[in-house]
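Engineer:
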Amino acid sequence: MWPGNGSNHICLVDSAATLSKVRELISSQTRKFDILIVYLAGHGRARGEGFEFLFHDERPQDTKVTAADLDALVSGSSAASTLFLLDACHAGQFGAETTLFKSPEPGRGRFCLTSSKADQKSWEDPFFRRSLFADALIKALTDSPEAAGRTKVVSGDLFSEVATDVARHAFGLKGSAAQEPVIFGAASEVLELTTVVSGTVPQKSLTTYETLLLRTRQIGLATACIAVLAIAATSAVTWRPAINPSGSVELRAGPKWLSPLNVGPWALRVETDAARSDLKDEDLQAALLDERGMHAWPGLGAGGTRRWADVFIDDYLNSETAARWRVRLGFADAVEHLTTMGHVIIPTPTPAFASSTEMAAEVALLEPHRSLPDVWKLQWKDYLAPGSCGSEEPAGPASDIFLTYLLSDPADYKVWIRGLAAAARTDDSIGFGQVADLVQMFTTANAVWKKQFRETVAAPGEPITAERIAARFTERPTSSEVAAMVELVSAVVARRTDLSLEAVTPQERNQLVSLMDGCSDVAVHALATLGSAGDPGKVIAWAHAREKSDQGRIELGELAAHGALPDAEITWVLDSIGFSGDQVSRRHAFVNARGWLEAIAAYRSLPTPVLVKLIDYAAERGAANDSGEQQQALRLVLGDPAAGKPPLGALIAKTVGADVGTGPLPPNDQQVEQVGLLARSGAPMTAGQREILRSILADATSPETERIAYTGEDKGEAADAIELAAGLTSTHLVAISRAVIGGTAEHDLQTRQAILNFFETALADARRFGVQPSRLQETVSAAAVLLEQDSTGGLDTAALYRTVACCAQDMAARKARIDIVVAALLRMPIKQRDDTVAGLRVRWQSEQEAELKLAIADVIIRAMTQQRP
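Residue 552 is where the sequence shown starts when you use the working numbering, and the numbers rise one by one after that.
Next comes the structure, spelled out in structure tokens:
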């Protein structure tokens, strides 16, 4: 009798516990025992055919050990009573199928305790290092030495203790899982078991309080984990718009209440191209400043890019900016948004924006297989006022059209004409005929304006008022409108040059030349832009006959920009304003002509006699302690390609003075600028000047170098006092740029990459600071030179794409790289540029990141419309 000395305890585990061995073991017991206790643990399952048990040597797909098999197994003993302890999942199903334990024989008792109900699993746990059912049995049948020997009724307190223990531990340790032991069977007598002394110290059972506390902690931890996952998921799949301190609209992860998580790499998703001024209204700006709104991040929108771009276009951007985004993101309905229905008796399509023609041209530039949309014809009809080169004044409806033009915003017409220039790069229907119409329109409009001015503001007897003075500066066409017309002429010539066609036909040339009779003040700009393909003599004759004191410098500068300005005309302009006169006259003339000379020097070398005069003037101003004027004159000389040739080299050395860079003090900005100009022109440098160049290059490539310290002067602000800046300044940046352009900077591959990185950072910082773009042109050109040198095998689509595809979270860095890539494309031969742009168009069509697609579109449009250097 359990646990008497005559009892027999046999344990089979793992590979020994097979069905055949267990059956053999039970049937081999020939002695007559009071009770047979069988503890059987393994895998159980309740299938459609009934309960099945898996022994060690059986596979789940092959097992056939059913409830009947287990009945036969246990019934093989001759013991008076049987206690079957079945520890398996779904063990309760055995109770529903067994026949042995439902029909006990007289004088014999049979009970079965299953570890769980038919629909429940049976659990193990590392806390006890055994199954919950086995642990509960051990604890129920063991006692301390003092209490051992107590009897427990199997169907009473034994089962109650086991059932309670198992249910409590399953709830506390298994995530509120349900595991409820079941007992079934019967006996003619009460079946009791005596507790024994445990050979080891059993793991203490959990009390109800401990179970609830453990479960509470588990629930709390699970809730916290779920909350963290929910927050992370919310942050990962949503975004909100915000306006950053720079005034740009950016996308931040998650709703505003998750803003504490927007740090480091999660600070923002995208800094967009949209600025505060691109939003619909002030209320929306206030909403974005407050970071209101939440939108889904995953998925693609109508343009094949991330859906946030669609949300921006529909909900946030003003109509003109939204239309431009539609074009540059490749929306199928982009052209439809460039027109609107006019408010007349019979509604007719009319341009929606001043930039409608420009955006229509962008459609054709981005998708060359599409013809230029007819939007430009609608806008041409609405904006063009038919004029003439005669003296007759417009009357009737024509007069009203010109009055409308004079009352319009000049910026709108500038944008319109620049749009025509962009369209001229894609379609031959826009040519010199449109240029001639604009010349006549501007001429007639100017005559109408002058007549109004004379009859109203400037009429005799009218008092001199602020309004009268200001009206003098509202003359139409404005210089910006005329400059846009010059861009149109350049665009027509550029397209024909790209196609290897004649820049201007004899008939077109004759038409433009004929406009010099009556429309000369406007037509001369178009004629000058043609350079040698036009009639330079006509332009020069017009300049010489000009009554105003500007000597036609703007128009002569346009001749210079197209390689058609003779040296004699530069000398004539300077002599006309007194540069060959006395000291006072020379100073006045230099101040008057300095900007024009700088513009000329950007296109061509100045004549040697002019350079000699400038050197003499610089020496003269140096003797007068006027270092500012001296430096401005030297800047023109030192930056000229002829500066390194005799006789200028000796004259420059004499004027610049003693060697610099060898003393204890660092070079000043003037010396740094001189070195940069000499480096660009290729002129000989002294040892000290070479040392200055070497030191600033070393500073630029040093890992410890701080960023460029820009000042208000770089933004074009007039400083009340000198603004000092420590470290490298914009002067150093320009000097390094000039050295790279001139090929003077000696560098290996590693140094070249370091300088390129330095340029990219400096340009991005300059954009954030608001530096004037004109001050960065040389740096952009130098970066393009390095980008080309850094690309093994030459620049191609992949290299340029990698350059742009870097800066989703930094709009300034992205724009800086766009500038560099455009400059690199404009340096390429036409065929290479066109092939590379074609590759970029393919990338543009498949790009899914909206900010990158906008960037690629910007590169394509600018590369195909900007004037080549």
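Virtual Cβ for every residue (Gly too), placed ideally from N, Cα, C.
Please read these numbers as outputs of a predicted model, since none were measured by experiment.
Just verifying my parser: in three-state terms, what is the DSSP assignment at glycine 595?
Structural biologist: Residue numbering aside, residue 595 sits at position 44 when the sequence shown is read from its first letter. Strand, per DSSP.
Engineer: Taking only runs of the alpha helix (DSSP H) that begin and end inside the region 1332-1402, which ones reach a length of at least 4 residues, in chain order?
Structural biologist: 1348-1355, 1362-1378 and 1381-1397
Engineer: How is the beta strand (DSSP E) around leucine 528 delimited, first residue to last?
Structural biologist: Because the chain here runs from 552 to 1420, residue 528 falls outside it and cannot be looked at.
Engineer: Thinking just about the alpha-carbon of each residue, which of Ser797, Glu944 and His1095 is nearest to the one in leucine 1125?
Structural biologist: Here residue 1125 refers to the residue found at position 574 of the sequence shown. Comparing Cα-Cα distances from leucine 1125 to each of Ser797, Glu944 and His1095, the minimum goes to His1095.
Engineer: Which residues bound the beta strand (DSSP E) around glycine 601?
Structural biologist: The sequence position of residue 601 within the sequence shown is 50, counting from 1. Per DSSP, glycine 601 is one residue of the beta strand (DSSP E) stretching across 601-605.
Engineer: Look at valine 733 and alanine 687 and say whether their C-beta atoms are less than 9 Å apart.
Structural biologist: Position 182 of the sequence shown, counted from the start, is the residue given in the question as residue 733. Position 136 of the sequence shown, counted from the start, is the residue given in the question as residue 687. No; because the gap between Cβ atoms is not below 9 Å, this pair is not in contact.
Engineer: Starting from the C-beta of serine 749, find all residues in its chain whose C-beta is less than 6 Å away, skip the five residues before and the five after it, and write them out in chain order.
Structural biologist: Along the sequence shown, read from residue 1 onward, the residue named residue 749 stands at position 198. The answer, listed in chain order, is Thr693.
Engineer: Roughly how many angstroms separate the alpha carbons of isoleucine 1243 and valine 1223, rounded to a whole number?
Structural biologist: If you number the sequence shown from 1, residue 1243 lands on position 692. If you number the sequence shown from 1, residue 1223 lands on position 672. Approximately 7 Å between the Cα atoms of the pair.
Engineer: Relative to the C-alpha of arginine 1005, which candidate in Leu989, Asp988 and Glu1026 has its C-alpha closest?
Structural biologist: On the sequence shown, residue 1005 is found 454 positions in, with the first residue counted as 1. Comparing Cα positions, the closest option is Glu1026.
Engineer: Leaving out the 5 sequence neighbours to the left and right, which residues in its chain are closer than 6 Å to threonine 1416 when beta-carbon positions are compared?
Structural biologist: In the sequence shown, counting from the first residue as 1, residue 1416 sits at position 865. Same-chain partners within the cutoff: Ala973 and Arg976.
Engineer: Would you say the region 1081-1095 touches the region 1110-1130, given that touching needs at least three Cβ pairs under 8 Å?
Structural biologist: Touching, yes, given that three or more Cβ pairs across the two stretches are closer than 8 Å.
Engineer: Helix, strand or coil for histidine 1076, going by three-state DSSP, please let me know.
Structural biologist: Sequence index remark: in the sequence shown, residue 1076 carries index 525 (1-based). In the structure shown, histidine 1076 sits in a helix (DSSP, three-state: H, G or I).
Engineer: Looking at the structure shown, is arginine 1097 part of a helix, part of a strand, or coil, going by DSSP?
Structural biologist: Sequence index remark: in the sequence shown, residue 1097 carries index 546 (1-based). Arginine 1097 falls in the coil class under three-state DSSP.
Engineer: Round the Cβ separation of threonine 746 and glycine 700 to the nearest angstrom and send it over; I've been treating them as touching at under 8 Å.
Structural biologist: If you number the sequence shown from 1, residue 746 lands on position 195. If you number the sequence shown from 1, residue 700 lands on position 149. With 8 Å as the limit, threonine 746 and glycine 700 qualify as a contact, their Cβ atoms being about 7 Å apart.
Engineer: For the beta strand (DSSP E) containing aspartate 824, name the first residue and the last one.
Structural biologist: Numbered from 1 along the sequence shown, position 273 holds the residue referred to as residue 824. It spans 821-826 - the beta strand (DSSP E) in which aspartate 824 sits, taken as one unbroken run.
Engineer: Could you give the distance in angstroms between the alpha-carbon of tryptophan 790 and the alpha-carbon of aspartate 1385?
Structural biologist: By 1-based counting over the sequence shown, the position of residue 790 is 239. By 1-based counting over the sequence shown, the position of residue 1385 is 834. The straight-line gap from Cα to Cα measures roughly 38 Å.
Engineer: List in chain order: all unbroken alpha helix (DSSP H) runs of 4+ residues lying wholly within the region 867-945.
Structural biologist: 870-879, 907-917 and 926-934
Engineer: Does the beta-carbon of glutamine 1323 have 16 or more other beta-carbons within 10 angstroms, so that it is buried, or is it exposed?
Structural biologist: Within the sequence shown, residue 1323 is the residue found at index 772, counting from 1. Counting C-beta atoms within 10 angstroms of its own C-beta, glutamine 1323 has fewer than 16 neighbours from the protein chains shown and is therefore classed as exposed.
Engineer: Let me check understanding here. Comparing Cα to Cα, which of Val1073, Leu764 and Gly595 lies closest to glutamate 603?
Structural biologist: Position 52 of the sequence shown, counted from the start, is the residue given in the question as residue 603. Glutamate 603 has its Cα closest to that of Gly595, out of Val1073, Leu764 and Gly595.
Engineer: Which full runs of the beta strand (DSSP E) of 3+ residues lie inside the region 765-812, going along the chain?
Structural biologist: If we require 3 residues or more, the beta strand (DSSP E) runs fully inside the region 765-812 come out as 789-794 and 799-804.
Engineer: For the beta strand (DSSP E) holding threonine 649, just list the boundary residues, first then last.
Structural biologist: One-based indexing of the sequence shown puts residue 649 at position 98. Element bounds for threonine 649: n/a, residue is neither H nor E.
Engineer: Count the other CB atoms within 10 Å of the CB of leucine 570; is the residue buried (16 or more) or exposed (fewer)?
Structural biologist: Along the sequence shown, one-based indexing puts residue 570 at 19. It is buried - the Cβ of leucine 570 has at least 16 other Cβ atoms within 10 Å.
Engineer: With DSSP as the reference, label aspartate 1133 as helix, strand or coil.
Structural biologist: For the purposes of this step, residue 1133 is identified with residue 582 of the sequence shown, where counting begins at 1. DSSP places aspartate 1133 in coil when its eight states are reduced to three.
Engineer: Would you say isoleucine 689 and arginine 681 are within 9 Å of each other, going by their C-beta atoms?
Structural biologist: Against the sequence shown, residue 689 aligns to sequence position 138. Against the sequence shown, residue 681 aligns to sequence position 130. Yes, the Cβ-Cβ distance between isoleucine 689 and arginine 681 is below 9 Å.
Engineer: Could you tell me whether the Cβ atoms of glutamine 930 and threonine 955 are closer together than 9 Å?
Structural biologist: Taking the sequence shown and counting its residues from 1, one reaches residue 930 at position 379. Taking the sequence shown and counting its residues from 1, one reaches residue 955 at position 404. For glutamine 930 and threonine 955, no; Cβs fall outside 9 Å.
Engineer: Within this structure, are the beta carbons of aspartate 865 and alanine 874 separated by less than 9 Å?
Structural biologist: Taking the sequence shown and counting its residues from 1, the one referred to as residue 865 is at position 314. Taking the sequence shown and counting its residues from 1, the one referred to as residue 874 is at position 323. Not a contact, by the Cβ cut-off of 9 Å.
Engineer: Should leucine 780 be labelled buried (16 or more other beta-carbon atoms within 10 Å of its own) or exposed?
Structural biologist: Within the sequence shown, the letter at position 229 stands for residue 780. It counts as exposed.
Engineer: Starting from arginine 681, follow its DSSP beta bridges and name the residues at the other end.
Structural biologist: Counting from one through the sequence shown, the residue named residue 681 turns up at place 130. Answer is Asp676, bridged to arginine 681.
Engineer: Could you pull out every residue in the same chain whose Cβ sits closer than 7 Å to the Cβ of alanine 607, ignoring the five residues on either side in sequence?
Structural biologist: Locating residue 607 in the sequence shown gives position 56, where the first residue counts as 1. Before going further, note that residue 607 is histidine rather than alanine in the sequence given. Asp565, Ser566, Ala568 and Thr569.
Engineer: Per DSSP, what kind of secondary structure is alanine 1234 in: helix, strand or coil?
Structural biologist: To locate residue 1234, count along the sequence shown from 1; it is residue 683. Three-state result, alanine 1234: coil.
Engineer: For histidine 846, name the three-state secondary structure that DSSP assigns.
Structural biologist: Residue numbering aside, residue 846 sits at position 295 when the sequence shown is read from its first letter. Reduced to three states, the DSSP call for histidine 846 is strand.
Engineer: Helix, strand or coil: which one does DSSP assign to aspartate 694?
Structural biologist: In the sequence shown, residue 694 corresponds to position 143, counting from 1. Strand.
Engineer: Within 8 Å: the Cβ of serine 1281 and any heavy atom of the ligand SAM?
Structural biologist: The ligand SAM is absent from the structure shown, which contains no ligand whatsoever.
Engineer: Taking 9 Å as the threshold (C-beta atoms), are glutamine 1399 and glycine 855 in contact?
Structural biologist: Here residue 855 refers to the residue found at position 304 when the sequence shown is read from its first residue. Here residue 1399 refers to the residue found at position 848 when the sequence shown is read from its first residue. Against a cut-off of 9 Å, the Cβ pair of glutamine 1399 and glycine 855 comes out as a contact.
Engineer: Would you tell me roughly how many angstroms separate the C-alpha atoms of serine 828 and leucine 1199, rounded to the nearest one?
Structural biologist: Residue numbering aside, residue 828 sits at position 277 when the sequence shown is read from its first letter. Residue numbering aside, residue 1199 sits at position 648 when the sequence shown is read from its first letter. So the alpha carbons of these two residues sit roughly 51 Å apart.
Engineer: State the CB to CB distance for the pair glycine 1227 and arginine 1289, rounded to an integer number of angstroms; the pair is presumed to be in contact (CB under 8 Å).
Structural biologist: In the sequence shown, counting from the first residue as 1, residue 1227 sits at position 676. In the sequence shown, counting from the first residue as 1, residue 1289 sits at position 738. The Cβ separation is near 4 Å, so the contact holds.
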